Amino acid sequence: MKFGLIGTNWITDRFIEAGITVPEFELHSVYSRTIERAQSFAEKHHIPNFTDNMDKLLNDEAVDIIYIATPNILHHQQAIQAMNRGKHVLCEKPIATSEKNFNLMYQAMENNDVFFMEAMKSIYSPSFIKLHEWIKEIGIIRRANFHYNQYSSRYDKYKDGIVENAFKPELGNGALMDLGVYTISPLVNLFGMPKTIQATGKLLSTGADGQGTIICNHHYMTSVLSYSKIIDSHLPSEIIGEEGIILIDKISAPNKVQKLNRHGEVIDEIVSDAPPMSYEIAHFIEAIKNKDFKALNLETSHQTMKVIDEVKKQIGILIK
């Protein structure tokens, strides 16, 4: 299927690197706000068409799927534009900045008889998919600890008084939207919507959040989700049952996942060795071909937005 790209940043670079490993992936065109940037990016990745005109991209009948990798605040607007032109949409996480905007996207999908999906690479990894089987094998789940703490390369500049996009809430950015979503989506995908949510966080002078912690309660388990753009951590994430433990090397892109007994002995292991984003691309293409609406995991995206809205409210993050 032929892809048209909106966004020319490092995420799009990685998307292309993963996409070329998927047999039915074909690059057709790329859009950027300036023709110079569009041309440079197209030449870099051997993309046959480039433009600085959004309408030209969206009206191109050769394009099957639009991939969106722009500032978070633009996701829902651009996705709706694309779906209104009859395009399927694969949109980077977070799929929107609020439940309200997600609902607008969902309505556009229904109105135009197209598919849209959040590019949440983690939940399409074979290692993560195995978790759905393993959580039934470690007894009653009592706790989950999901971590994604990564010191931002832009934080040093922030401390020197230079504010880059990563710390601008007006673009929908901050630790919750950029990193925290990677802890929330796997949680609701595996266990559903929490019964209660308690959140704390550190707001920076710009109004963006630098880090946060979310405590979620289901009726049988408690989860602690921690994320930060101002510190690093290197601990694995874990799911803890009465009869065993599951260790996840990186919750944002599970590679090696291990099942342990209560004594810490490894009893099973799975490794996903393809580029992480390749799984989501292949999954979306198959969902479109098979007209498999359930495969889009939109309930996971919807519940993720509901959790994010509640966390924003409790911490005081002013992203609409």
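Quick note on numbering: full-length UniProt numbering labels position 78 of the sequence shown as 78, and the sequence is numbered without any gaps. Idealized CB from N, CA, C, for every residue including glycine. What you are looking at is a predicted structure, and each value in this text was computed from that prediction instead of being measured.
Residue i versus residue j - alpha carbon distance
| i | j | result |
| --- | --- | --- |
| I35 | Y148 | 36 Å |
| Y227 | R143 | 17 Å |
| E170 | P71 | 10 Å |
| V271 | P236 | 14 Å |
| E92 | K121 | 9 Å |
| G174 | L260 | 34 Å |
| G7 | G139 | 44 Å |
| A108 | I66 | 14 Å |
| Y158 | K202 | 15 Å |
| L225 | L190 | 14 Å |
| residue 401 | F41 | Residue 401 cannot be examined here, being either before or after the span of the chain that is shown, 1 to 320. |
| H132 | A79 | 30 Å |
| A166 | M54 | 24 Å |
| V114 | I11 | 24 Å |
| H302 | I308 | 10 Å |
| E137 | I214 | 26 Å |
| Y106 | R262 | 43 Å |
| R154 | E164 | 7 Å |
DSSP three-state assignment for residue i, whether helix, strand or coil
| i | result |
| --- | --- |
| M305 | helix |
| I89 | Correcting the residue identity first, residue 89 is Val in this sequence and not Ile. Strand, per DSSP. |
| V22 | coil |
| T213 | strand |
| K312 | helix |
| E99 | helix |
| H28 | strand |
| Y227 | strand |
| I16 | helix |
| F115 | coil |
| S237 | strand |
| K2 | strand |
| I245 | strand |
C-beta contact flag for residue i and residue j at 8 Å
| i | j | result |
| --- | --- | --- |
| L179 | Q150 | yes |
| G241 | I317 | no |
| I73 | T97 | yes |
| I315 | G212 | yes |
| N217 | P186 | no |
| I230 | F25 | no |
| I47 | V30 | yes |
| H88 | A62 | no |
| W134 | I248 | no |
Evaluate contact between the region 93-103 and the region 126-142, counting only Cβ atoms and requiring at least three cross-stretch pairs below 8 Å. no
Threshold first: 3 residues or longer. Then list the beta strand (DSSP E) segments lying entirely within the region 139-205, N to C. 141-149 and 196-203
Return the chain-ordered ranges of every beta strand (DSSP E) run that is complete within the region 247-300 and spans a minimum of 3 residues. 256-261 and 266-271
If you scan the region 32-82 from start to end, which runs of the alpha helix (DSSP H) of 4 or more residues do you find wholly inside it? 35-45 and 54-58
Cβ contact (3+ pairs, closer than 8 Å) linking the region 251-265 and the region 49-61: no
Below 8 Å, can you find three or more Cβ-Cβ pairs linking the region 108-121 to the region 296-303? yes
Does the region 266-286 come close enough to the region 182-189 to have 3 or more Cβ pairs within less than 8 Å? no
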